[in-house]
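The structure appears right after this line, and notes come after that.
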Amino acid sequence: MIALVVESNPNSADVICRQLKALGFKDEDIHVTGTAEGGMELAKQVRPQFVLVDEHLPDDYGVELIDALRSLKPDSVLALYSVDDNDEAIQEAFKAGCNYYVIRPNGLQQLCRDLRSPEMLLRANARAVFR
């Protein structure tokens with residue numbers, strides 16, 4: 001299974017990649033970029049099944065990228081990684097096509113603990129908030 005991580009902070013990207021590997025993704029199947037533009041380009045090239053997007057990218061908002069990715073690859077599972085823990089931000093993300101809203105700093109660990117495998121992560125029509 002192919003994963004795409006769009007995260008502007010290299011240290012955070014490393015942590016995310018380690019979590020995905022612990023979940024069962026292979027090293028060679030995890031692709032990383034730090035911008036929305038890079039995310040769209042990589043998504044077109046590698047056709048990921050799972051994409052984790054930072055909400056605050058240097059060239060766009062993550063929710064805008066989620067919306068564009070949903071149009072590009074409707075069957076991908078999309079997660080937004082954010083510090084915003086409010087209902088308005090969460091609803092906006094789901095409206096854009098997000099499957100998982102992952103709240104920093106603990107949400108990623110919670111997502112990996114709850115889902116335990118790429119297969120569970122990629123279940124159809126999933127919608128959840130992880131805090």
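1 is the number of the first residue of the sequence shown in full-length UniProt numbering; add one for each residue after it.
We put the CB at the ideal spot given by N, CA and C, even for glycine.
(request) Pull up the CB-CB distance for Arg131 and Gln110, whole angstroms please, since I reckon it's below 8 Å. (result) 7 Å
(message) By alpha-carbon positions, which one of Asp14, Pro105, Val6 ends up nearest to Thr33?
(response) Val6
(message) For the ligand SAH, is there any heavy atom lying closer than 7 Å to the beta carbon of Met1?
(response) In terms of ligand content, the structure shown is empty, and the ligand SAH therefore cannot be addressed.
(request) With residue 174 as the anchor, note down where its alpha helix (DSSP H) starts and where it stops. (result) In the structure as shown, the chain begins at 1 and stops at 131. Residue 174 is therefore absent and cannot be evaluated.
(message) Measuring only the C-alpha atoms, how far is Asp60 from Asp29?
(response) If I take the Cα positions, the gap works out to 25 Å.
(request) Report yes if the C-beta distance between Glu55 and Leu80 is below 8 Å; otherwise report no. (result) For Glu55 and Leu80, yes; Cβs fall inside 8 Å.
(message) Between which residues of its own chain and Lys44 is the CB-CB distance below 8 Å, once the five residues before and five after are set aside?
(response) Leu72
(message) Taking only three categories from DSSP, how would you classify Val46?
(response) helix
(request) Rounded to whole angstroms, what's the CA-CA distance from Gly39 to Leu4? Just pull it up for me. (result) 8 Å
(request) Would you identify the three-state DSSP class for Leu122, choosing helix, strand or coil? (result) coil
(request) Check each candidate in Gln91, Ala36, Leu52 and name the one with the smallest Cα separation from Leu20. (result) Leu52
(request) Within the same chain, show all residues whose beta-carbon is closer than 6 Å to that of Ala36, passing over the 5 residues directly before and after it, in chain order. (result) Leu57, Asp59, Asp60, Leu65
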